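According to our numbering, the stretch in the sequence shown is residues 1 to 418, in order. Where a beta carbon is used, it is the ideal one built from N, C-alpha and C, also for glycine. No experiment lies behind these values; they were computed from the predicted model shown. Below is one structure, written out as structure tokens; the observations come after it.
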Amino acid sequence: MNDGDLSAPMFTPDAFRLRADQANLIGEARRFGREVVGPRAARYDRDATFPLENFRDMHQRGLLSVCIPKANGGLGADFQTYCLAAAELGRYCGATALSWNMHVCSTLWSGPLADDLPMSAKDRAEHEKRRSLHYDRVVNEGAVYAQPFSEGGPAAAGTAAFGTQARPVDDGFIVNGQKIFASLSGAADYYGILCTERVEGEAPSRRRTLYLSVPANAPGVQVIGDWDPLGMRGTVSRTLVFNDVFVPSDEMLMPRGIYFQAATCWPHMFLTLSPTYMGLTQAAYDFAVAYLRGEVAGMPPVKRRMFPTKQIAVAQMRIMLEQTKALWFQAITEACANPTREQVLRAYAAQYTVMENSNAVSAMAIRTCGGQAMLRSLPLERIYRDSRCGSLMLPWTAEICLDRLGRDTLYEPGENDD
Ligand SMILES: Cc1cc2nc3c(=O)[nH]c(=O)nc-3n(C[C@H](O)[C@H](O)[C@H](O)COP(=O)(O)OP(=O)(O)OC[C@H]3O[C@@H](n4cnc5c(N)ncnc54)[C@H](O)[C@@H]3O)c2cc1C
1 MNDGDLSAPM
11 FTPDAFRLRA
21 DQANLIGEAR
31 RFGREVVGPR
41 AARYDRDATF
51 PLENFRDMHQ
61 RGLLSVCIPK
71 ANGGLGADFQ
81 TYCLAAAELG
91 RYCGATALSW
101 NMHVCSTLWS
111 GPLADDLPMS
121 AKDRAEHEKR
131 RSLHYDRVVN
141 EGAVYAQPFS
151 EGGPAAAGTA
161 AFGTQARPVD
171 DGFIVNGQKI
181 FASLSGAADY
191 YGILCTERVE
201 GEAPSRRRTL
211 YLSVPANAPG
221 VQVIGDWDPL
231 GMRGTVSRTL
241 VFNDVFVPSD
251 EMLMPRGIYF
261 QAATCWPHMF
271 LTLSPTYMGL
281 TQAAYDFAVA
291 YLRGEVAGMP
301 PVKRRMFPTK
311 QIAVAQMRIM
321 LEQTKALWFQ
331 AITEACANPT
341 REQVLRAYAA
351 QYTVMENSNA
361 VSAMAIRTCG
371 GQAMLRSLPL
381 ERIYRDSRCG
391 SLMLPWTAEI
401 CLDRLGRDTL
411 YEPGENDD
């Protein structure tokens, strides 16, 4: 636990039984967050511009390749290690951590996660060849990938086929459609989109979902709309339009049918938005403790900790933080292919808890620290605004987690009341 040292690990390696190599990598993310990303965060938030320099620096440190296998030149992080590293980064800049997640998922989902899924030998060999092209771009050129799935309809929640369509042609696809809330829009080198392969005479089906990486500079790709949101302003999540964009077959990030399988068999893949908000929860708590102790840099040492109301509020925040960390750590640790029903329900509970508690702890921190603490010269008001976004993020919004938790607890698979 963080005992007053704001730069201490969120999950102490000994207490949480992390290996030395994990602790090193997570520590690297924490140092990068504290020393490089944190001091830049206020500017990108104020201007609502994308912190591309952070991604250039991540490339230098190998962090763009965090989930790329070591054999391909990456750091070889597994799911749990990545989540813990991303939470550390989220403490210092929510927008950078969330955007990093969009990038990393293109390598995590096509990498360690795809390795867990059954594929024919031919598909496996072709996938290996294709992903090594993507890995090579990231490792050697510092290429940045985005992950625009949302369309404003029901597809991103996983209940309908994506409206963005890919028509097969010789050596590739012609893509048409639109994606909203595309973090890294205008900054990424590749957009890893989900779309539906059109098959003559067949209705669009989720089973036909393709995961394609569209080069940002391909003819027909356009970024439109403005970006002036409440929080996560540095993600620059504008709208993407694809108008007859040719995408070569080698840009397939997964073979046909594998994304659908992953979404079904590896559901924790959708937990990857939560580390950012786990980090924000810790940051709000840390700020409140430092503030009440009179230790926030640049603030007069106005000590308020002697009031019982402050002490109770800090106790409540700590309890929420500990509850959130414990549940989340369990969920990211047990993530695997074909989890049990209990594990999936726990993942929904973890996602809900992190997303809701990050904003609740931030709100409590503002109320407890008082008016001077919400000035824009301090990070707490940014943490509060950023944390508001978590429970809105598909496919596992707070509401959808509640819906599924309730329904799947009360009904066994296949049961109904008829
Ligand atoms: C800062 C930020 C960055 C983002 N970056 C990305 C990104 O990089 N890529 C990307 O793909 N998306 C991204 N998103 C989009 C995000 O994941 C959601 O798709 C988007 O916020 C949905 O908008 P909406 O609330 O209008 O959606 P709607 O689909 O209109 O949902 C509204 C609400 O209705 C509820 N709801 C929706 N469907 C169901 C259902 N089937 N069952 C029960 N309840 C339901 C949910 O609670 C949801 O919050 C980002 C969002 C934010 C805020």
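Beta-carbon separation (whole angstroms), residue i vs residue j, contact threshold 8 Å
i: residue 190; j: residue 169; result: Residue 190 to residue 169, Cβ: 20 Å. No contact.
i: residue 183; j: residue 146; result: 6 Å
i: residue 114; j: residue 127; result: 7 Å
i: residue 318; j: residue 311; result: Incorrect: roughly 11 Å between the Cβ atoms, too far for contact.
i: residue 382; j: residue 348; result: With a Cβ gap of about 28 Å, residue 382 and residue 348 do not count as contacting.
i: residue 275; j: residue 401; result: About 16 Å separates the two Cβ atoms, so there is no contact after all.
i: residue 273; j: residue 101; result: 6 Å
i: residue 253; j: residue 212; result: 7 Å
i: residue 161; j: residue 118; result: That belief does not hold up - the Cβ atoms of residue 161 and residue 118 are roughly 23 Å apart, past 8 Å.
i: residue 361; j: residue 285; result: 6 Å
i: residue 18; j: residue 67; result: Rounded, the Cβ-Cβ distance is 17 Å, inconsistent with contact.
i: residue 331; j: residue 346; result: 6 Å
i: residue 26; j: residue 39; result: Not really, about 20 Å apart at Cβ, beyond 8 Å.
Distance, residue j Cα to residue i Cα
i: residue 2; j: residue 264; result: Low per-residue confidence applies at residue 2: pLDDT is 41, beneath 50, and the placement is therefore not dependable, though the value from the model is reported in the following sentence. When rounded, the distance between both Cα atoms is 37 Å.
i: residue 155; j: residue 98; result: 21 Å
i: residue 132; j: residue 54; result: 24 Å
i: residue 337; j: residue 116; result: 6 Å
i: residue 221; j: residue 242; result: 5 Å
i: residue 76; j: residue 65; result: 8 Å
i: residue 249; j: residue 74; result: 24 Å
i: residue 266; j: residue 71; result: 24 Å
i: residue 392; j: residue 278; result: 15 Å
i: residue 424; j: residue 412; result: For residue 424 there is no data in the structure shown, the boundaries of the chain being 1 and 418.
i: residue 4; j: residue 136; result: Because the pLDDT of residue 4 is 46, which lies under 50, any placement of that residue in the model is unreliable, and the number read from its coordinates should be weighed accordingly. For residue 4 and residue 136, the distance between alpha carbons rounds to 41 Å.
i: residue 158; j: residue 52; result: 30 Å
i: residue 202; j: residue 196; result: 11 Å
i: residue 410; j: residue 416; result: 10 Å
i: residue 384; j: residue 7; result: 20 Å
i: residue 262; j: residue 377; result: 43 Å
i: residue 394; j: residue 96; result: 19 Å
i: residue 371; j: residue 408; result: 43 Å
i: residue 298; j: residue 291; result: 11 Å
i: residue 91; j: residue 32; result: 11 Å
i: residue 223; j: residue 256; result: 27 Å
i: residue 300; j: residue 209; result: 56 Å
i: residue 227; j: residue 238; result: 6 Å
i: residue 89; j: residue 34; result: 8 Å
i: residue 20; j: residue 11; result: 13 Å
Near ligand 1: residue i beta-carbon under 7 Å from a heavy atom
i: residue 119; result: no
i: residue 276; result: no
i: residue 383; result: no
i: residue 392; result: yes
i: residue 288; result: no
i: residue 224; result: no
i: residue 150; result: yes
i: residue 389; result: yes
i: residue 403; result: yes
i: residue 399; result: yes
i: residue 213; result: no
i: residue 421; result: Nothing in the structure corresponds to residue 421, since the chain is present only between 1 and 418.
i: residue 267; result: no
i: residue 254; result: no
i: residue 110; result: no
i: residue 232; result: yes
i: residue 282; result: no
i: residue 235; result: yes
i: residue 147; result: yes
Test item: CB-CB of residue i and residue j under 8 Å
i: residue 374; j: residue 316; result: no
i: residue 148; j: residue 179; result: yes
i: residue 163; j: residue 186; result: no
i: residue 344; j: residue 328; result: no
i: residue 85; j: residue 41; result: no
i: residue 173; j: residue 247; result: yes
i: residue 289; j: residue 314; result: yes
i: residue 106; j: residue 192; result: yes
i: residue 16; j: residue 335; result: no
i: residue 56; j: residue 142; result: yes
i: residue 270; j: residue 206; result: no
i: residue 326; j: residue 356; result: no
i: residue 198; j: residue 165; result: yes
i: residue 268; j: residue 339; result: yes
i: residue 240; j: residue 282; result: no
i: residue 233; j: residue 45; result: yes
i: residue 47; j: residue 231; result: no
i: residue 216; j: residue 188; result: yes
Interface flag, residue i vs chain D, CB-CB below 8 Å
i: residue 140; result: Going by chain labels, chain D is absent from the structure shown, which holds only one protein chain.
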